[in-house]
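*Asks:* Residue numbers are given in the working numbering: position 49 of the sequence shown equals residue 76, and the series is strictly consecutive. Before I ask anything, here is the structure I am working with.
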Amino acid sequence: MSTLHVLSHSPFGDERLTSCLRVIGANDGLLLSGDAAYALQPGTAPFTALSTQGLKLFVLAEDAQARALVVPDWAQAIDYPAFVELSIHYDKVNSWL
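Listed below in structure tokens is the structure:
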């Protein structure tokens, strides 16, 4: 069973990203939205953790743009219709509230 994990909180304020990375499976995907997009700041621990995981990583394009973040080539910027498609593609969606 595959899961789309959705994070929206800054990785610098709590441990949601770290917890997610401990349980994410090989068939799972991770979507960064809102302040979770800050995980894509180069030179930070969250950026390093994400870049070495080999994840199916997605970020809402408008959230990355609003935070002046460049989306690395190992992540995919998506819009809201693509988010809906991802939600349908995966067996379940887990929002890390």
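The C-beta atom is built at its ideal place from N, Cα and C for all residues, glycine as well.
Taking the beta carbon of Val-50 as the centre, do at least 16 other beta carbons fall within 10 Å, making it buried, or is it exposed?
*Replies:* exposed
*Asks:* Under a Cβ-count criterion, where at least 16 other Cβ atoms within 10 Å of its own Cβ denotes burial, should Phe-39 be classed as buried or exposed?
*Replies:* exposed
*Asks:* Going by DSSP in three states, Phe-85 sits in which element: helix, strand or coil?
*Replies:* strand
*Asks:* Could you check whether Ala-93 and Ile-105 sit closer than 9 angstroms to each other, using their CB atoms as the reference points?
*Replies:* no
*Asks:* So, Leu-58 versus Leu-113, is the Cβ gap smaller than 9 angstroms?
*Replies:* In this structure, the beta-carbon distance from Leu-58 to Leu-113 falls below 9 angstroms.
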